[in-house]
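**Q** Here the sequence shown stands for residues 183 to 1202, numbered as in this note's numbering. Built from N, CA and C at the ideal position, the CB exists for glycine as well.
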Amino acid sequence: MHDDRALVDGRLERALRQFIRPAQYADRVPLALSVWHLPGEPVPVAEARKGTYEPFTTGTPWGSPWSTSWFRLEGAVPGAWAGRRVEAVIDPGFTGDGPGFQAEGMLYDARGIPLKGIHPRNRHVPVGAPAAGGEQVSLLLEAAANPAVLHDYEPTLLGDVLTAGDRPLYTFAAAELAVLDETVWHLVLDIEVLSELMRELPADRARHHEILRSLEDMLDALDLHDVAGTAAAAREALAGTLSRPASASAHRISAAGHAHIDSAWLWPLRETVRKASRTFANVTALAADYPELVFACSQAQQYAWVKEHQPHIWERIKKAVADGNWAPVGSMWVESDANMPGGEALARQIVHGRRFFAEELGVQTEEIWLPDSFGYTAAFPQLAKLAGIKWFLTQKLSWNQANKMPHHTFWWEGIDGTRVFTHFPPVDTYNAQFHARELAHAEQNFADKGRATRSLVPFGWGDGGGGPTREMLEKARRLRDLEGSPRVEIEKPSAFFTAAEEEYGPQAPVWSGELYLELHRATYTTQAKTKQGNRRSEHLLREAELWATTAALRLPDHPYPYDALDRIWKTVLLHQFHDILPGSSIAWVHREARDTYARVREELEAIIGDSVAALARTSGAADRPMVLNASPYGRSEVVRIEGGALGFVDVPPLASAPVTDAVAGPPVTVTREAAGIVLDNGLLRVVVDSDGLLSSVRDLAAGREVLTPGSRGNLLQLHPDHPNQWDAWDIDKHYRRRHTDLTGAESVELVEEGPLRAVVRVVRTFGKSRITQELRLSAASPRLDVVTEVDWQESEKVLKAAFPLDVHAERSTAEIQFGHVHRPTHTNTSWDSARFEICAHRWLRVAEPGYGVAVLNDSTYGHDVTRTEHRDGLGTTVRLTLLRAPHSPDPETDLGSHRFSYALLPGAGVTQAVQEGLALNLPLRAAAAPELTPLVSTDHPALTVESVKLAEDRSGDVVVRLYESAGGRADATLRLGFPVALAQITDLLERPLRAAPIGEEGLTIALRPFQILTLRLRPA
183 MHDDRALVDG RLERALRQFI RPAQYADRVP LALSVWHLPG EPVPVAEARK
233 GTYEPFTTGT PWGSPWSTSW FRLEGAVPGA WAGRRVEAVI DPGFTGDGPG
283 FQAEGMLYDA RGIPLKGIHP RNRHVPVGAP AAGGEQVSLL LEAAANPAVL
333 HDYEPTLLGD VLTAGDRPLY TFAAAELAVL DETVWHLVLD IEVLSELMRE
383 LPADRARHHE ILRSLEDMLD ALDLHDVAGT AAAAREALAG TLSRPASASA
433 HRISAAGHAH IDSAWLWPLR ETVRKASRTF ANVTALAADY PELVFACSQA
483 QQYAWVKEHQ PHIWERIKKA VADGNWAPVG SMWVESDANM PGGEALARQI
533 VHGRRFFAEE LGVQTEEIWL PDSFGYTAAF PQLAKLAGIK WFLTQKLSWN
583 QANKMPHHTF WWEGIDGTRV FTHFPPVDTY NAQFHARELA HAEQNFADKG
633 RATRSLVPFG WGDGGGGPTR EMLEKARRLR DLEGSPRVEI EKPSAFFTAA
683 EEEYGPQAPV WSGELYLELH RATYTTQAKT KQGNRRSEHL LREAELWATT
733 AALRLPDHPY PYDALDRIWK TVLLHQFHDI LPGSSIAWVH REARDTYARV
783 REELEAIIGD SVAALARTSG AADRPMVLNA SPYGRSEVVR IEGGALGFVD
833 VPPLASAPVT DAVAGPPVTV TREAAGIVLD NGLLRVVVDS DGLLSSVRDL
883 AAGREVLTPG SRGNLLQLHP DHPNQWDAWD IDKHYRRRHT DLTGAESVEL
933 VEEGPLRAVV RVVRTFGKSR ITQELRLSAA SPRLDVVTEV DWQESEKVLK
983 AAFPLDVHAE RSTAEIQFGH VHRPTHTNTS WDSARFEICA HRWLRVAEPG
1033 YGVAVLNDST YGHDVTRTEH RDGLGTTVRL TLLRAPHSPD PETDLGSHRF
1083 SYALLPGAGV TQAVQEGLAL NLPLRAAAAP ELTPLVSTDH PALTVESVKL
1133 AEDRSGDVVV RLYESAGGRA DATLRLGFPV ALAQITDLLE RPLRAAPIGE
1183 EGLTIALRPF QILTLRLRPA
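1. Starting from the C-beta of residue 1188, find all residues in its chain whose C-beta is less than 6 angstroms away, skip the five residues before and the five after it, and write them out in chain order.
2. Determine the contact status of residue 1124 and residue 1102, defining contact as a CB-CB distance below 8 angstroms.
3. How is residue 504 classed by DSSP in three states: helix, strand or coil?
4. Quick check on residue 929: buried or exposed, where buried means 16 or more other Cβ atoms within 10 Å of its Cβ?
5. Can you round the beta-carbon distance between residue 1060 and residue 959 to whole angstroms, since I take them to be within the 8 angstroms contact cut?
6. Compute the Euclidean distance between the alpha carbons of residue 1143 and residue 1194, then round it to the nearest angstrom.
7. Quick check on the burial criterion: 16 or more other C-beta atoms within 10 angstroms. Buried or exposed for residue 541?
8. Please report the straight-line C-alpha distance between residue 251 and residue 235, rounded to a whole angstrom.
9. Please state whether the Cβ-Cβ distance between residue 978 and residue 1067 is less than 8 angstroms.
10. Got a sec, what are the start and stop residues for the beta strand (DSSP E) residue 593 sits in?
11. Return helix, strand or coil for residue 760, following the three-state DSSP convention.
12. Assuming residue 741 and residue 1127 are in contact, meaning their beta carbons sit under 8 angstroms apart, how far apart are those beta carbons, in whole angstroms?
13. Can you pull the DSSP bridge partners for residue 1280?
14. Compute the beta-carbon to beta-carbon distance between residue 551 and residue 516, rounded to the nearest angstrom, for a pair I have assumed lies under 8 angstroms.
15. Roughly how many angstroms separate the alpha carbons of residue 1027 and residue 912, rounded to a whole number?
16. Could you give the distance in angstroms between the alpha-carbon of residue 684 and the alpha-carbon of residue 966?
17. In three-state DSSP terms, what is residue 719?
18. Go ahead and pull the three-state DSSP assignment for residue 522.
19. Among 910, 760, 1008, 1092, which residue has its Cα nearest to the Cα of residue 709?
20. Count Cβ pairs between the region 770-786 and the region 708-723 that sit closer than 8 angstroms; are there 3 or more?
21. Compare the beta carbon distance of residue 1132 and residue 569 with 8 angstroms and say whether it is the shorter of the two.
22. Restricting to runs no shorter than 3 residues, where is the beta strand (DSSP E) found entirely within the region 191-224?
23. Over what stretch of residues does the beta strand (DSSP E) that includes residue 1153 continue unbroken?
24. Take residue 433 and list the residues in its own chain whose beta-carbon comes closer than 6 angstroms to its own, dropping the five residues that flank it on each side.
25. If I measure Cβ to Cβ from residue 1104 and keep anything under 8 angstroms in the same chain, skipping five residues before and after, which residues do I get?
26. Taking the CB atoms as reference points, tell me whether residue 789 and residue 494 lie closer together than 8 angstroms.
27. With a 10 Å radius around its C-beta and 16 neighbouring C-beta atoms as the bar for buried, classify residue 183 as buried or exposed.
28. Report the partner residues of residue 1146 according to the DSSP bridge assignment.
29. Which partner residues does residue 808 have in the DSSP bridge list?
30. Identify the residues that DSSP records as bridge partners of residue 613: which are they?
31. Per the contact definition of three or more C-beta pairs closer than 8 angstroms, is the region 447-461 in contact with the region 638-650?
32. Output needed for residue 1176: all residues of its chain with C-beta closer than 8 angstroms, excluding positions within five of it in sequence on either side, in chain order.
33. Using only alpha-carbon positions, find the residue among 192, 678, 653, 976 that is nearest to residue 900.
34. With DSSP run on the structure shown, which of helix, strand or coil describes residue 237?
35. Along the chain, where does the alpha helix (DSSP H) containing residue 792 start, and where does it finish?
36. Alpha helix (DSSP H) containing residue 290: first to last residue?
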């Protein structure tokens, strides 16, 4: 037979484009339009129904950026259409940009009841199926003029309503009543399924040619000038080919409807409320026509928004859950970043998420569902297990630049040894459309075939694109059992995980440690003030809960601020969403985030102040200045008290103590030598040279120099920063090829000299920026603090602070949630080389046997660690990534004033790094307060108390969460500072698991490496 495949394919393509698709809607009549333009913030439909509307015609521009226009659509179904399927079809001016990244709308009926969303791939709303003829149609369209922001990463002012301007973005194209010819519509779907499958099958397969010839027969049966009249015959020509069953060994795909909606990204938080509402309305409407639909939906926050703003849709969601069409998944408040949230915050993500789903919908979610976050902490497996979660899902590591993950279904092992059954959908997307190309990729790409036979495919338009469509459901029906294709079964993710674990669990491989994304590494740094707001909020929440609990226990009449803390926690958790905390959202999002964090700080300071003041009123404030320590470790520190004077304090953990004049150890001395200004506190001897750099840091206790020979520490380095794409997200390795050392100083001066503290202030200017740093050495302190203020006015630059350390380190150790991870400092493999930018929480340590040095920070997450040759051997350079200046999606990212601190901690073991990292992030608090003893305490240096609070059930029980932080075993006694009637070990959600016996001295605790323990203590 002659090869005429290209000819048949071309014939099919033209027929489909020019004749068949246009015939899906047989007859059309326009709807009458009127409009009420709303330039400001959105209003509820009740208010919109009262608006003042004026006539409007199609072809008219509308919608300044971020505005809303309400359109009335009115008409009547022609009597001649009786018995036919009639729909309203609306195009407010959709562009070539993807669904979810342009105009969107919500349709309401005349009573203001939400019907469904309107999107580029989902433009219809049913009117009659069948219509009676003569029905009056009155609809209200809430149309959002959301701009498309991300175009080739070009800077744009469209990302903030304050700068976006008022030029209309869209031209209203059409609003019509139309008759859907269901036979033609089904024919289009038949053609799509078969033609897409044919193109994925090799040309030497008989099935490829069988499909080709059946499509040719279909075209022969179809009169292109009478598509409607011949569509049934055309479908019949394809029926046999569509009925051929899949092979017994075909890959099995479990498909779940999905609509990954970023809680903020290229739109503000307020728009996500509407995006979720539109999509959720679509899904609940779709379930009425397709009872097999299962929609997997995460993020309790978005449910809460819809419950508050769209009660009709909320009731439909509850019905869909009860009917089995809707599967709440994810177990978290939002799909958060999975690198930077603190340990307690990540726990609360799960606590608040699981509690919402259980209380509001009666569902116990069983998985972590994070398809789009930028890498995953190795603390997750333990947190999941402690919360009763069985499974973990993501697909993001398919984006890796260098290395392909070797597994798709496996056991993921965390730092403590806990394992969670994990799946990476090999389809490599969470927005599948049931295109044969996607399904073929899922099967071919699946790394575990031969032992495992199934994978999961999330399908639907995300980010406000509307979710699953009826076309997707129809394609799934055809693909359920079709020769040449994987078998497709729509089912709940839990059904997939159960079957996959039963089939493959005993043989599945193990991946140990973090799931590092080899991309988007700059998200550890971009939008520094957002990250700083998160870090500050996490630690203020720790303080607020501790002192509020102390007040509630010591003062029975003092109310614990349950509601306020719950609300604030949810606000902080929301802002940990994986495009807010990472800094990859538009300017509007981060402007609002800065304002929100300021309010959070104010509220938490008020809670702390009220608690301390209540304790002082009842117990009486001490007659001398008092200091409160929220750290779980005792501290001997210099502190600034009221009036600005310095004092010294020796304060127990989680307690208070008076300021004294006595210094534990020698005073700080300052001398001037040829080498520079020398600061000495008996523990460290620091030389600041004429350039304001550290020419020497000597650890006096260890008797060794900390810096490599000939180097200088705290060296600020400025690099050009031009990633290939994804400006806010990426720092590409080529940035290292050029840099400028900022060695010139405008001034270097000693600004404070006394027995308690000495301070050298260094001022530098570069480009359009100015940086002021204070190098602070305090009495009895093992660390040198660097307090930094920057007026940052650079463009596409990255600022690093370098410490070349005379330590031969095979690996670096970075704090993560509830522990730490080790990473090689060499680049032996492509996996090692890809980790050229890494995330650390409060500290990063490098060490050789017998000696280590840590670098601490109070708000920085991005770091890099490299090996550095010097004249005497090999050292290790640790750099903090301080600031960036990308132009997309926020053209003015990080410009302005910043204040942050970091510190050098010579001679640090892991426990010292943990303690000093907490100290830097939990400054001692001077206050009028009584002398308070700790509620709980232990002398074991590796037993770290993470939180002290009252139980979420408002029973008055005290909940203490602690963990082993050094990576070893810890046998210790937890001393109790209040009478306890009952002690229980609980899960993460504070549900009792077993009793914890109380001895004479307290609770005996034995923890394994990095084990997290949650205790519930009932006051006697």
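**A** According to the structure data:
1. By 1-based counting over the sequence shown, the position of residue 1188 is 1006. Within the same chain, residue 1188 has close Cβ partners 1153.
2. Walking along the sequence shown from the start, residue 1124 turns up at place 942. Walking along the sequence shown from the start, residue 1102 turns up at place 920. No; because the gap between Cβ atoms is not below 8 angstroms, this pair is not in contact.
3. As a first step, residue 504 is located in the sequence shown; it is residue number 322 there, counting from the start. In the three-state reduction of the DSSP assignment, residue 504 falls in the helix class, which pools H, G and I.
4. Mapped onto the sequence shown, residue 929 falls at position 747. Classification of residue 929: exposed, given that the 10 Å Cβ count is below 16.
5. As a working mapping, residue 1060 is identified with position 878 in the sequence shown. As a working mapping, residue 959 is identified with position 777 in the sequence shown. In fact, because the Cβ distance is near 19 angstroms, the residues do not count as touching under 8 angstroms.
6. By one-based count along the sequence shown, residue 1143 stands at place 961. By one-based count along the sequence shown, residue 1194 stands at place 1012. Their Cα atoms are separated by approximately 7 angstroms.
7. To locate residue 541, count along the sequence shown from 1; it is residue 359. Answer is exposed; the Cβ neighbour count stays below 16.
8. Here residue 251 refers to the residue found at position 69 when the sequence shown is read from its first residue. Here residue 235 refers to the residue found at position 53 when the sequence shown is read from its first residue. Approximately 10 angstroms between the Cα atoms of the pair.
9. If you number the sequence shown from 1, residue 978 lands on position 796. If you number the sequence shown from 1, residue 1067 lands on position 885. Yes, the Cβ-Cβ distance between residue 978 and residue 1067 is below 8 angstroms.
10. Mapped onto the sequence shown, residue 593 falls at position 411. Per DSSP, residue 593 belongs to the beta strand (DSSP E) from 591-595.
11. Within the sequence shown, residue 760 is the residue found at index 578, counting from 1. Here residue 760 sits in coil by DSSP.
12. For the purposes of this step, residue 741 is taken as residue 559 along the sequence shown, with counting starting at 1. For the purposes of this step, residue 1127 is taken as residue 945 along the sequence shown, with counting starting at 1. Residue 741 to residue 1127, Cβ: 24 angstroms. No contact.
13. Residue 1280 lies beyond the stretch modelled for the chain, which goes from 183 to 1202, so this question has no answer here.
14. Along the sequence shown, one-based indexing puts residue 551 at 369. Along the sequence shown, one-based indexing puts residue 516 at 334. That belief does not hold up - the Cβ atoms of residue 551 and residue 516 are roughly 11 angstroms apart, past 8 angstroms.
15. Working through the sequence shown from its first residue, we reach residue 1027 at position 845. Working through the sequence shown from its first residue, we reach residue 912 at position 730. So the two alpha carbons sit approximately 24 angstroms from each other.
16. Sequence index remark: in the sequence shown, residue 684 carries index 502 (1-based). Sequence index remark: in the sequence shown, residue 966 carries index 784 (1-based). Taking the straight line joining both Cα atoms gives about 55 angstroms.
17. Taking the sequence shown and counting its residues from 1, one reaches residue 719 at position 537. Shown here, residue 719 sits in a helix according to DSSP, grouped into three states.
18. Within the sequence shown, the letter at position 340 stands for residue 522. Residue 522 falls in the coil class under three-state DSSP.
19. Against the sequence shown, residue 709 aligns to sequence position 527. Among 910, 760, 1008, 1092, the Cα nearest to that of residue 709 belongs to 910.
20. yes
21. Walking along the sequence shown from the start, residue 1132 turns up at place 950. Walking along the sequence shown from the start, residue 569 turns up at place 387. No; because the gap between Cβ atoms is not below 8 angstroms, this pair is not in contact.
22. 207-212, 214-220
23. If you number the sequence shown from 1, residue 1153 lands on position 971. Element bounds for residue 1153: 1152-1158.
24. Taking the sequence shown and counting its residues from 1, the one referred to as residue 433 is at position 251. Beyond the five residues adjoining it in sequence on each side, residue 433 comes within less than 6 angstroms, by CB distance, of 625, 668 in the same chain, given in chain order.
25. Walking along the sequence shown from the start, residue 1104 turns up at place 922. Taken in chain order, the residues that qualify are 721, 724, 725, 811, 812, 813.
26. Taking the first residue of the sequence shown as position 1, residue 789 is located at position 607. Taking the first residue of the sequence shown as position 1, residue 494 is located at position 312. Their beta carbons are not under 8 angstroms apart, which means residue 789 does not touch residue 494 by this criterion.
27. Your numbering for residue 183 matches position 1 in the sequence shown. Flag for residue 183 reads exposed.
28. The sequence position of residue 1146 within the sequence shown is 964, counting from 1. Answer by DSSP bridge pairing, in chain order: 1125.
29. Your numbering for residue 808 matches position 626 in the sequence shown. When DSSP reads this structure, residue 808 sits in a beta bridge with 840, 1109.
30. As a working mapping, residue 613 is identified with position 431 in the sequence shown. DSSP output for residue 613 lists no bridge partner at all.
31. yes
32. On the sequence shown, residue 1176 is found 994 positions in, with the first residue counted as 1. Correct list, in chain order: 1166, 1167.
33. On the sequence shown, position 718 is the one that residue 900 refers to. The candidate whose alpha carbon is nearest that of residue 900 is 976.
34. Taking the first residue of the sequence shown as 1, we reach residue 237 at position 55. If DSSP states are grouped into helix, strand and coil, residue 237 belongs with the strands.
35. Taking the sequence shown and counting its residues from 1, one reaches residue 792 at position 610. Taken as a continuous stretch (DSSP letters only), the alpha helix (DSSP H) holding residue 792 covers 769-801.
36. Mapped onto the sequence shown, residue 290 falls at position 108. For residue 290, there is no enclosing alpha helix (DSSP H); the enclosing beta strand (DSSP E) covers residues 286-291.
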